[in-house]
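> By the count of the working numbering, the sequence shown reaches residue 179 at its end, each step adding exactly one.
Using N, Cα and C, we set each Cβ at its ideal position, and we do this for glycine too.
Model, not experiment: these values are computed from the prediction.
Provided herewith is a single structure, encoded as structure tokens, for subsequent inquiry.
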Amino acid sequence: MTYTTIRGARQHSAANQQHVDRAVDVLFTEFGEARASPDRLRESLTNSRNVLLSSDVGVALVLRAGEVGQKLWQLWVEEKARGQGIGSALLKHIISAYTTDHVMVLDCPTAQENFYKRHGFHRTDIAREGDCVYLAGPGESESDVLHRLPVKHPARLVRSDAL
Numbered sequence: 017m018t019y020t021t022i023r024g025a026r027q028h029s030a031a032n033q034q035h036v037d038r039a040v041d042v043l044f045t046e047f048g049e050a051r052a053s054p055d056r057l058r059e060s061l062t063n064s065r066n067v068l069l070s071s072d073v074g075v076a077l078v079l080r081a082g083e084v085g086q087k088l089w090q091l092w093v094e095e096k097a098r099g100q101g102i103g104s105a106l107l108k109h110i111i112s113a114y115t116t117d118h119v120m121v122l123d124c125p126t127a128q129e130n131f132y133k134r135h136g137f138h139r140t141d142i143a144r145e146g147d148c149v150y151l152a153g154p155g156e157s158e159s160d161v162l163h164r165l166p167v168k169h170p171a172r173l174v175r176s177d178a179l
């Protein structure tokens, strides 16, 4: 799968702007105002440390890509393309391109937790609402993942025995 990679910038080329507009539309539709408001997404895409990956059937937004404390903020695969390995391929691409010596954190609906666990992510906490979990990875074990997080990272402060 080939992805158009767009580093955040105040101005995008016309071709890249089409990818940005589509990503904003699909992420907002999929995740709603609270998690993916168009204003919040567009603001995130002005930060040069953030990366948008876009293809015909998938979109991902990585915050602080390649840096300590990076976060996979959104990952989406078109419904008709799900179950074909596209999400796995996109996540593997993100891991290989942006997590060389770092751990990536994310929060996801509990229904999608197993997808990320298959790729080496480990639960660090549960959101207060209970419908979302916080994960970090990739790594061989929870302790490996937590050990590689920055000392003051909130996920590292959670005791695994409290989960």
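Quick check: what's the CA-CA separation for L179 versus Y150?
Position 163 of the sequence shown, counted from the first residue, corresponds to residue 179. Position 134 of the sequence shown, counted from the first residue, corresponds to residue 150. The predicted model places L179 with a pLDDT of 36, which falls under 50 and marks its position as unreliable, so this point remains unresolved.
> From which residue to which residue does the alpha helix (DSSP H) around K108 run?
Sequence index remark: in the sequence shown, residue 108 carries index 92 (1-based). Here the alpha helix (DSSP H) through K108 covers 102-114.
> With distances taken Cα to Cα, identify the nearest neighbour of R87 among V73, E156, H118, G99.
Walking along the sequence shown from the start, residue 87 turns up at place 71. Sequence check: residue 87 is Lys here, not Arg. Looking at the Cα atoms, H118 is the closest of the given residues.
> Which value, in whole angstroms, describes the spacing of the CA atoms of R164 and T126?
Here residue 164 refers to the residue found at position 148 of the sequence shown. Here residue 126 refers to the residue found at position 110 of the sequence shown. Each residue's alpha carbon lies about 24 Å from the other.
> If we call anything under 8 Å between Cβ atoms a contact, is Y114 one with S70?
Residue numbering aside, residue 114 sits at position 98 when the sequence shown is read from its first letter. Residue numbering aside, residue 70 sits at position 54 when the sequence shown is read from its first letter. No, the pair does not count as a contact, with Cβ atoms beyond the cut-off.
> Quick check on this structure: which residue in D141, V36, I111, A97 has the alpha carbon closest to the alpha carbon of G153?
Taking the first residue of the sequence shown as 1, we reach residue 153 at position 137. The candidate whose alpha carbon is nearest that of G153 is I111.
> Does the beta-carbon of Q90 have 16 or more other beta-carbons within 10 angstroms, so that it is buried, or is it exposed?
Translated into the one-based positions of the sequence shown, residue 90 becomes position 74. Per the 10 Å Cβ criterion, buried.
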